[in-house]
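Asks: Order-wise, the sequence lines are chains A and B. Going by the numbering used here, the first residue of the first sequence is number 1, and it counts up by one from there. Going by the numbering used here, the first residue of the second sequence is number 1, and it counts up by one from there. The C-beta atom is built at its ideal place from N, Cα and C for all residues, glycine as well. For clarity, every value in this text was computed on a predicted model and none was experimentally measured.
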Amino acid sequence: MLSFIGRSIIQKIITLFFVSVVSFLIIHLAPGKPSQVDPLNPKFTPEMVERFRKEFHLDKPLYIQYIYFYRNLFTGKTVSWKDNQSALKKIWERFLNSLPLFIVGTILTWTLSFPIGIRSAIFRGGFYDRSSTFFSYLLISIPGFFFAYILIIFVVNSFHVPVIGMETFGIGDPSWPRWLMDRVWHLLLPSVLGATGGIAILSRYVRSQMLEVESQDYVRTARAKGVPEEQVLYKHALRNALLPFVTMFGLILPGLIGGSVIIESIFSWPGMGRMAYEAILARDYPIILTVNFISAVLVLAGTFVSDVLYMVVDPRIRL
Amino acid sequence: MDNILLSVQDLKVYFIGNERVARALDGVSYEVSKGETVCLVGESGCGKTVSALTILRIIPQPPGKIMGGKVLFNGQNLLDLSKEEMQKIRGNHIAMVFQEPMTSLNPVFTVEDQIQEAITVHEMVDEREVHQRCIQLLKDVGIPSPEGRLKDYPHQLSGGQRQRVMIAMALACDPDLMIADEPTTALDVTIQAQILNLFQELQQKRQMSLLYITHDLGVVANIADRIYVMYAGIIVEQGDASNIFHNPCHPYTQGLLTSLPSRAKRGSKLHSIPGTVPDPAHKPGGCPFHPRCDFAIQACGTEFPRVCDYGEGHLSRCPVLYENKVPKVPKMT
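Listed below in structure tokens is the structure:
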């Protein structure tokens, strides 16, 4: 166990190094230039462009730039080229904005998918199963932005609450219950929207897992022992059906930094996804690379967590 | 007869799918007396397992459907019981050991968890006693150092040991009837013999009845008091073990006996019954065995064979052999 953890961490660090090199190269290979050093930009004279190039180390060979960038990243000195603000601070602010969306969305997804999926597996072929299948496929196939607009129109027209942004613009300094309700209304739609797709897909997985496990011999054995049906399903079957989801649980970590570009754009939510998207458009290399690096760390941490979790829940796996 | 523990009467189980109905059991009757070992013999797919699962009512429904018949256990029809009442019978009065020890144990629970559960679902016992009983059960089924094995997970055990654990689980509540569904098929020969001995030993010690389901006549010869030969969802012949082995009166039984490799002369071609078991959704009319039968006459294809009585409880569903009085016995030596 300990040797597995040690080995795994070393492997992940090596992977991280390669990820950093490749992502650095890809960003620099991408067509276009940061707007500050674009010779076609009418705002800057050639002398200013030259000064920016020096300032950003863009005049140096790539490997030097690579070293400069990661040295700055690890000493916390990376700054955005756009506004000269600390990249980490900028990301942290945006991260805090995205966090409620992520938490509510994840909780909704994981708490609703399982009961829905398990119930349709138990009553397979029945009315409940058929209708949940229908709605799952409906939600999977409907484009997110379209569904979002329908929901926005519905909520705004029937409840007369504004839902765009993180809070009502110009709300001033209301009493705290009003402030809270305002926040909740603004949070509700984007997180529900973010969760619907997840619920639709995950509940299908849960259903098929549960169906597969239910037909296993050991479930029949449990029945033959005289174990009550609920215990057969929720102890013997469910425990096995959940195993693959433990792996998936580790993989939601990267979602922390990814955010959702589409939902954040629709709702004008100042979150991570939108910031990363805007940074890519502006070729703001430090921001792009920092976000990229953090998400790489989170992906690797996520796989590590799921490996360890898997080992904990499945006695057959000893790494 | 007071002595009868289990009596299956005219049991019909169909599997209803889209546009096809598989008649897995087509009126099966058999009896198991107290303390007796009864073997249910037949090729794969003839309905042996279905009949066992029906006794415990753990046939998947749908697609399975019990169309008729009775399962009398101690005079009580199990098919009339409520779910809760049936639960109290399962594992407690009737226990079952399955064919596949590799997949029949739950991989995420320890041996102790699983045996313990078999006890605690039926009895209120305190933890210490349950633990002691688990150890005793593992000892009874011949597992060395049972204390250590209790903490093991199924994947840490060999196939033979897993089957022993399955048997221990089945024995947990001291059942009156044990149903063993091909318990040795997945094991290699030496282990097979050990498990068979174990069954016999346990059965004699505990005075329980054993319904042993198998396709292996070699096994049957070792343990059976009485034998039921099944074919395509019906019982084609029944009788005492000696009658079935020495005087088989149904062509199918005769075919099975001559198919035993040990009976063949070295160098001669192994005998086999031509054809395969009919698809339960498309059974031939009349006697289901007639397309594969050497003795078939025209009437076999149209008339359902009646039961012919040879005395001593030896019954066969082949009027052709009965009337011609030519038990074409493959003489055994």
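(1) Measure the beta-carbon distance from Y212 (chain B) to I195 (chain B) and round it to whole angstroms, keeping in mind my assumption that it falls under 8 Å.
(2) Use the C-beta contact count for I118 (chain A): other C-beta atoms within 10 angstroms, 16 or more gives buried, fewer gives exposed.
(3) For the structure I just gave you, are there three or more beta carbon pairs, one from the region 123–134 of chain B and one from the region 187–203 of chain B, closer than 8 Å?
(4) Give the DSSP-derived three-state secondary structure of G108 (chain B) in the structure shown.
(5) I'd like to check one pair, L6 (chain B) with L177 (chain B): are the Cβ atoms closer than 9 Å?
(6) Within the same chain, show all residues whose beta-carbon is closer than 7 Å to that of Q200 (chain B), passing over the 5 residues directly before and after it, in chain order.
(7) Would G91 (chain B) pass as an interface residue toward chain A - the criterion being a Cβ-Cβ separation below 9 Å?
(8) Between A241 (chain A) and V192 (chain A), is the Cβ-Cβ spacing less than 9 Å?
(9) Check whether the Cβ atoms of H236 (chain A) and A222 (chain A) sit closer than 9 Å, and answer yes or no.
(10) Quick check: is the beta carbon of F98 (chain B) nearer than 9 Å to any beta carbon in chain A?
(11) Can you tell me which of the three DSSP states V125 (chain B) falls into?
(12) How far does the alpha helix (DSSP H) with M1 (chain A) in it reach, from first residue to last?
(13) Quick check: P34 (chain A) and F56 (chain A), are their CB atoms within less than 9 Å of each other?
(14) Could you compute how far the alpha carbon of M67 (chain B) sits from the alpha carbon of H93 (chain B)?
(15) Less than 6 Å between C-beta atoms, sequence neighbours within five positions excluded: which residues of the same chain meet that for G165 (chain A)?
(16) Once DSSP output is grouped into helix, strand and coil, what is the label at A281 (chain B)?
(17) According to DSSP, what are the bridge partners of V71 (chain B)?
(18) In chain order, what residues of the same chain lie with their CB nearer than 7 Å to the CB of P101 (chain B), ignoring the 5 residues before and after it?
(19) List the residues that DSSP assigns as beta-bridge partners of Y231 (chain B).
(20) Beta carbons nearer than 7 Å to chain A: which residues of the region 99–130 of chain B have them?
(21) Say whether the region 246–257 of chain A touches the region 140–151 of chain A, bearing in mind that this needs 3 or more beta-carbon pairs closer than 8 Å, one atom from each stretch.
(22) Using the rule of at least 16 other Cβ atoms within 10 Å of the residue's Cβ for burial, across every protein chain shown, is N243 (chain B) buried or exposed?
(23) Using CA coordinates, which residue listed in B:P288, B:V8, B:D174 is at the minimum distance from G69 (chain B)?
(24) Using a beta-carbon distance below 9 Å, is D314 (chain A) in contact with chain B?
(25) Can you tell me the Cα-Cα spacing of M272 (chain A) and V261 (chain A), whole angstroms?
(26) Determine, using beta carbons only, whether I58 (chain B) comes closer than 9 Å to chain A.
(27) Leaving aside the five residues before and after V19 (chain A) along the sequence, list all residues of the same chain whose C-beta is less than 7 Å from its C-beta, in chain order.
(28) What did DSSP end up calling R124 (chain A) once you bin it into helix, strand or coil?
(29) Which of helix, strand or coil does DSSP assign to R23 (chain B)?
(30) Note down the Cα distance separating I322 (chain A) from I16 (chain B), rounded to an integer number of angstroms.
(31) In terms of residue numbering, what span does the beta strand (DSSP E) encompassing M178 (chain B) cover?
(32) Can you tell me which of the three DSSP states C39 (chain B) falls into?
(33) Under the assumption that A95 (chain B) contacts L137 (chain B) (Cβ atoms under 8 Å), give the Cβ distance between them as a whole number of angstroms.
(34) For the alpha helix (DSSP H) that contains I335 (chain B), what are its first and last residues?
(35) Have a look at I5 (chain A) and I103 (chain A) and give me their C-alpha separation to the nearest angstrom.
(36) Since Y153 (chain B) meets chain A, which of its residues come closer than 8 Å, beta carbon to beta carbon?
Replies: On the basis of the coordinates in this document:
(1) Their Cβ separation, rounded to whole angstroms, is 11 Å, which puts Y212 (chain B) and I195 (chain B) out of contact at 8 Å.
(2) Buried, by the Cβ-count rule.
(3) At 8 Å Cβ cutoff, the stretches do not touch.
(4) Sequence inspection shows Val at residue 108 (chain B); the Gly mentioned does not correspond to that position. In the structure shown, V108 (chain B) sits in coil (DSSP, three-state: anything other than H, G, I, E or B).
(5) Yes, the pair counts as a contact, with Cβ atoms nearer than the cut-off.
(6) I223
(7) yes
(8) no
(9) yes
(10) Closer than 9 Å: yes.
(11) coil
(12) Counting along the chain, M1 (chain A) falls outside any alpha helix (DSSP H), and DSSP gives it neither H nor E.
(13) Closer than 9 Å, so yes.
(14) 24 Å
(15) Correct list, in chain order: S268.
(16) coil
(17) B:V8
(18) G159, R162, Q163, M166, A186
(19) B:I234
(20) E100, T103, S104, L105, N106, P107, V108, E117, A118, V121, H122
(21) no
(22) buried
(23) Minimum Cα distance to G69 (chain B) is reached at B:V8.
(24) It does; some Cβ of chain B falls within 9 Å.
(25) 8 Å
(26) It does; some Cβ of chain A falls within 9 Å.
(27) A296
(28) coil
(29) Reduced to three states, the DSSP call for R23 (chain B) is strand.
(30) Any question about residue 322 (chain A) goes unanswered here, given that chain A covers just 1 to 319.
(31) 177–181
(32) strand
(33) Contact between A95 (chain B) and L137 (chain B) is absent: CB atoms are separated by about 12 Å, not below the 8 Å threshold.
(34) Outside the displayed span of chain B (1 to 333) sits residue 335 (chain B), for which this structure offers no information.
(35) 28 Å
(36) P315, R316
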